[in-house]
Structures are given as structure tokens and as C-alpha cells.
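Novice: Before I ask anything, here is the structure I am working with.
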Amino acid sequence: MMATNDTAITPHLGAEPGDWLALLKPRVISLVVFTGAIGLFIAPGHINPVLAAVAIFCIALGAGAAGAINMWYDRDIDAMMRRTTDRPIPAGRIEASGALGYGIVLSVISVLLLAMATNLCAAAVLAFSIFYYAVIYTMWLKRRTPQNIVIGGGAGAFPAVIGWAAVTGHIGLLPMLLFAIVFFWTPPHFWSLALYAATDYEKAGIPMLPVVKGAKHTRLNVLVYSLLLLPLTVSPWALGLTGWFYGVSALISGLAFVYFCWGVYADKQDAEGKSLTKDKPARAAFKFSILYLFVLFLACAIDKLV
Numbered sequence: 060m061m062a063t064n065d066t067a068i069t070p071h072l073g074a075e076p077g078d079w080l081a082l083l084k085p086r087v088i089s090l091v092v093f094t095g096a097i098g099l100f101i102a103p104g105h106i107n108p109v110l111a112a113v114a115i116f117c118i119a120l121g122a123g124a125a126g127a128i129n130m131w132y133d134r135d136i137d138a139m140m141r142r143t144t145d146r147p148i149p150a151g152r153i154e155a156s157g158a159l160g161y162g163i164v165l166s167v168i169s170v171l172l173l174a175m176a177t178n179l180c181a182a183a184v185l186a187f188s189i190f191y192y193a194v195i196y197t198m199w200l201k202r203r204t205p206q207n208i209v210i211g212g213g214a215g216a217f218p219a220v221i222g223w224a225a226v227t228g229h230i231g232l233l234p235m236l237l238f239a240i241v242f243f244w245t246p247p248h249f250w251s252l253a254l255y256a257a258t259d260y261e262k263a264g265i266p267m268l269p270v271v272k273g274a275k276h277t278r279l280n281v282l283v284y285s286l287l288l289l290p291l292t293v294s295p296w297a298l299g300l301t302g303w304f305y306g307v308s309a310l311i312s313g314l315a316f317v318y319f320c321w322g323v324y325a326d327k328q329d330a331e332g333k334s335l336t337k338d339k340p341a342r343a344a345f346k347f348s349i350l351y352l353f354v355l356f357l358a359c360a361i362d363k364l365v
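Basically this note's numbering = 1-based index in the sequence shown + 59.
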């Protein structure tokens with residue numbers, strides 16, 4: 060049975076500043092800030108350093124605001140899952156209504172401030188990215204389809220586009236390719252996590268791929284998406300949008316990622332496809348996937364300097 064938002068939450072215990080920060084999902088924000096800053100750095104043209112800092116702040120604030128709305132809506136399932144039970148709302152340290160208001164106010168501030176500091180194009184993309192994550196992914200897709208992560212991958216793919224638009228006032232081919240890279244990177248990244256967190260998702264009624272289609276099917280999809288991702292990551296170099304440094308870095312790191320995903324696919328399994336190694340390959344692939352994305356975007360920035 061699908062989880063609902065009527066699940067009882069522990070009584071309010073009083074929030075600390077760290078709880079309000081936790082609502083913003085700071086670990087996610089760190090990656091968002093990095094990819095947004097790279098998009099801003101590689102964009103043609105010039106932007107005042109102060110306005111650039113404001114733009115990055117707005118990207119971080121908007122992502123955090125979407126995270127707060129996500130935690131408000133998912134408070135019922137967060138209370139059921141072991142890795143999320145200590146989040147501020149299910150733990151009773153922040154009231155749900157307060158978290159929702161917090162997320163909405165920060166969303167409005169981030170979009171208006173970015174519009175004033177840079178341009179309407181960047182602000183519009185930021186506004187849509189918040190809507191995409193908070194509404195399209197969180198409220199519509201996450202509880203309805205095992206393809207939630209595939210389609211929802213767009214939510215984390217916007218920052219580079221926003222950074223580019225903050226400088227140029229428009230959206231170019233290179234930031235759209237970076238968007239596509241993050242979009243295709245998200246499924247193998249998140250499904251690797253879902254393989255060893257499948258019990259939690261099943262308990263909460265979330266139709267993640269391992270829960271609906273099984274571990275064996277999920278392992279195959281992790282490998283397939285890593286293979287699709289490899290030529291996509293090399294395409295900016297193939298199209299002449301980046302130089303040799305990025306091309307070589309993308310190829311080497313991409314082959315390494317395929318190797319890790321092959322390990323997920325070839326993991327020792329029982330008849331039902333469940334890991335006999337406590338999903339060690341999936342855990343390794345999940346950790347490497349974060350480094351992989353970091354390498355790709357950093358190589359893109361270094362390539363511009365080279």
C-alpha cells in the first residue's frame with residue numbers, strides 16, 4: 060500500500076539552527092553549488108564577481124528550498140525509513156507547516172534575487188527547477204512509478220544551465236549537454252543506492268525499481284545507463300565544445316564508472332537476484348558515481364583554462 064502524508068509524526072520538540080539547515084539537504088546543495096559554479100565559469104562572457112557569488116548563492120538557496128518542500132511532503136515516508144527517521148520533521152523537531160512555509164519563502168527569495176542580480180532567463184530556469192523537484196518529482200512521480208528517478212533526474216541537472224544563463228542570458232548547447240549528462244548519470248547513481256536500501260523503500264511503499272522489478276533487473280539497468288552515459292559525456296569534446304583535456308578525462312573516468320557498474324551487474328546473487336556480498340559493489344558504485352560527476356565537471360572547468 061502506498062504511503063500517505065497522514066502518518067503521525069512525533070510531537071514537536073523544539074528546533075535548533077542545525078535542524079533548519081538540515082531541511083535544506085546540505086549534502087545535495089554542495090553538489091548543486093559545484094555544478095552551478097562550473098556552468099557559470101565556463102560560460103562565454105563576463106560577470107561581476109559579486110554578482111557571480113550572488114548567483115551561486117541563489118542556486119544553493121533554491122535547491123535548499125526545494126529540499127525543504129520535499130521533506131515536508133515526504134514526512135510520512137521519512138518516518139518509516141531507517142536512513143531518514145532522524146530528519147527534523149519525522150523526529151518532531153520542526154513542525155510540517157513551518158517547513159513548508161520555510162521552503163516557499165526561500166524559493167521566492169532565491170528566484171527574485173537571481174532575477175535582480177543577473178537576468179530573467181536564469182531566474183526562470185531556477186524557478187522551474189524548484190517546481191520540477193518539489194512538484195513533478197516529489198509529489199507526482201516518486202510514489203507512482205519505478206521510473207521516478209529516470210524522469211526526476213532532471214531536477215538535479217539544472218544548476219549548470221542556471222549558472223550559464225546567469226552570465227549569458229540564454230541557454231546554449233554545452234550547458235544542455237551537461238544537463239543531459241547529469242540526467243543520465245542519476246539513474247545508475249541512485250539505483251545503486253536503492254539496491255541496498257530496497258527494504259526501506261518497500262516498507263515505505265515507494266515503487267523504486269528494485270522493489271517493483273527486482274534486484275536483477277535493476278542491476279542490468281545500472282549497467283545499461285552507464286554504457287549510455289559514456290558516449291554522452293564524450294560528446295562535448297566530439298562536437299568541439301571542449302578541448303582534449305575534458306575529452307580524455309571523460310573517457311577515462313567514464314570507463315572507470317562502467318567498470319564499477321559492471322561490478323554491480325556481476326555481483327554474486329541468489330536465485331532471486333539478491334546480493335550475497337551485502338551489496339558491496341553497489342555501495343562502491345554509488346560512492347564512485349559522486350566522484351565521477353565531480354571529475355567530469357572539474358575537467359570541463361580545467362579544460363577552459365588549458
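Note that the Cβ used here is the ideal one computed from N, Cα and C, for glycine as well.
Distance, Cα to Cα, ILE349 vs LEU298?
Specialist: On the sequence shown, position 290 is the one that residue 349 refers to. On the sequence shown, position 239 is the one that residue 298 refers to. Rounded to the nearest angstrom, the two C-alpha atoms are 25 angstroms apart.
Novice: Within 10 Å of its beta-carbon, does LYS337 have 16 or more other beta-carbons around it, so buried, or fewer, so exposed?
Specialist: One-based indexing of the sequence shown puts residue 337 at position 278. That one is exposed.
Novice: Ignoring anything shorter than 3 residues, give me the beta strand (DSSP E) runs that lie fully in the region 318-358, in order along the chain.
Specialist: Qualifying beta strand (DSSP E) stretches: none in this window.
Novice: Do PHE242 and ALA216 have their C-beta atoms closer together than 8 angstroms?
Specialist: For the purposes of this step, residue 242 is identified with residue 183 of the sequence shown, where counting begins at 1. For the purposes of this step, residue 216 is identified with residue 157 of the sequence shown, where counting begins at 1. Yes, these two residues count as a Cβ contact at 8 angstroms.
Novice: Quick test of your reading: ASP259 and ARG142, contact by CB under 8 angstroms. State the CB separation rounded to the nearest angstrom.
Specialist: As a working mapping, residue 259 is identified with position 200 in the sequence shown. As a working mapping, residue 142 is identified with position 83 in the sequence shown. Indeed, because the Cβ distance is near 6 angstroms, the residues count as touching under 8 angstroms.
Novice: What's the call for ASP329, buried or exposed, on a 16-neighbour Cβ count within 10 Å?
Specialist: Residue mapping note: residue 329 aligns to position 270 of the sequence shown, counting from 1. It counts as exposed.
Novice: Does the separation of the CB atoms of LEU352 and TRP244 fall below 8 angstroms?
Specialist: Here residue 352 is taken as the residue at index 293 of the sequence shown, counted from 1. Here residue 244 is taken as the residue at index 185 of the sequence shown, counted from 1. Cβ atoms of LEU352 and TRP244: closer than 8 angstroms.
Novice: Suppose contacts are defined by Cβ-Cβ distances below 8 angstroms. Is VAL170 in contact with ALA158 by that definition?
Specialist: Within the sequence shown, residue 170 is the residue found at index 111, counting from 1. Within the sequence shown, residue 158 is the residue found at index 99, counting from 1. No, the pair does not count as a contact, with Cβ atoms beyond the cut-off.
Novice: Beta-carbon within less than 6 angstroms of SER312's beta-carbon, same chain only, minus the 5 sequence neighbours each way: which residues are those?
Specialist: For the purposes of this step, residue 312 is identified with residue 253 of the sequence shown, where counting begins at 1. Contacts found: TYR351, VAL354.
Novice: If contacts are defined as beta-carbon pairs under 8 angstroms, then LEU254 and ALA341 qualify, I think. What distance do you get, rounded to the angstrom?
Specialist: Counted from its first residue, the sequence shown places residue 254 at position 195. Counted from its first residue, the sequence shown places residue 341 at position 282. Right, their Cβ atoms sit about 4 angstroms apart.
Novice: What's the C-alpha gap between GLU358 and TYR305?
Specialist: As a working mapping, residue 358 is identified with position 299 in the sequence shown. As a working mapping, residue 305 is identified with position 246 in the sequence shown. Here residue 358 turns out to be Ala, not Glu, going by the sequence shown. Spanning the two alpha carbons is a distance of roughly 5 angstroms.
Novice: Which first and last residues belong to the alpha helix (DSSP H) in which TYR255 is found?
Specialist: One-based indexing of the sequence shown puts residue 255 at position 196. Residues 232-255.
Novice: At which residue ranges does the region 95-182 contain complete alpha helix (DSSP H) runs of 4 or more residues, listed in the order of the chain?
Specialist: For the region 95-182, whole alpha helix (DSSP H) runs of length 4 or above, ordered along the chain, are 108-132, 134-137, 155-176.
Novice: Would you kindly report the start and end of the unbroken alpha helix (DSSP H) that includes THR227?
Specialist: Counted from its first residue, the sequence shown places residue 227 at position 168. Segment 218-227, the alpha helix (DSSP H) holding THR227.
Novice: Straight-line CA distance for CYS117 to TRP223?
Specialist: Taking the sequence shown and counting its residues from 1, one reaches residue 117 at position 58. Taking the sequence shown and counting its residues from 1, one reaches residue 223 at position 164. Cα-Cα distance, rounded: 14 angstroms.
Novice: Where does the unbroken alpha helix (DSSP H) through THR292 begin, and where does it stop?
Specialist: If you number the sequence shown from 1, residue 292 lands on position 233. Residues 274-297.
Novice: Inspect the CB distances between the region 174-188 and the region 221-236 and report whether three or more fall short of 8 angstroms.
Specialist: Flag = yes, the region 174-188 and the region 221-236 touch.
Novice: What's the call for PRO205, buried or exposed, on a 16-neighbour Cβ count within 10 Å?
Specialist: For the purposes of this step, residue 205 is taken as the residue at position 146 of the sequence shown. Label assigned to PRO205: buried.
Novice: Report yes if the CB atom of LEU173 is closer than 8 angstroms to the CB atom of GLY123, and no otherwise.
Specialist: Taking the sequence shown and counting its residues from 1, one reaches residue 173 at position 114. Taking the sequence shown and counting its residues from 1, one reaches residue 123 at position 64. It is not a contact, given that the beta carbons lie outside the stated cut-off.
Novice: Buried or exposed: where does ASP145 fall if 16 or more other Cβ atoms within 10 Å of its Cβ makes it buried?
Specialist: Here the question's residue 145 lines up with position 86 in the sequence shown. Under this definition ASP145 is an exposed residue.
Novice: If distances are taken between C-alpha atoms only, which option among ALA186, TRP199, ASN129, VAL271 comes closest to HIS121?
Specialist: Taking the first residue of the sequence shown as 1, we reach residue 121 at position 62. It is worth fixing the name first, because residue 121 is Gly in this sequence and not His. The residue with the shortest Cα to Cα distance from GLY121 is ALA186.
Novice: Provide the residue span of the alpha helix (DSSP H) that contains VAL365, from first to last.
Specialist: Taking the sequence shown and counting its residues from 1, the one referred to as residue 365 is at position 306. No alpha helix (DSSP H) holds VAL365; DSSP gives it neither H nor E.
Novice: What residue from LEU279, ALA263, SER251, ARG202 has the CA that sits closest to LYS346's CA?
Specialist: Reading the sequence shown from its first residue, position 287 is the one you call residue 346. It is SER251 whose Cα lies nearest to the Cα of LYS346.
Novice: What is the rounded straight-line gap between the Cα of ILE9 and the Cα of VAL87?
Specialist: Any question about residue 9 goes unanswered here, given that the chain covers just 60 to 365.
Novice: Taking the Cβ atom as the reference point for each residue, do LEU83 and ALA176 lie within a distance shorter than 8 angstroms?
Specialist: Sequence index remark: in the sequence shown, residue 83 carries index 24 (1-based). Sequence index remark: in the sequence shown, residue 176 carries index 117 (1-based). Result no, Cβ atoms of LEU83 and ALA176 do not sit closer than 8 angstroms.
Novice: State the DSSP-derived secondary structure class of MET267, mapped to helix, strand or coil.
Specialist: Stepping through the sequence shown from its first residue, residue 267 is reached at position 208. Coil, per DSSP.
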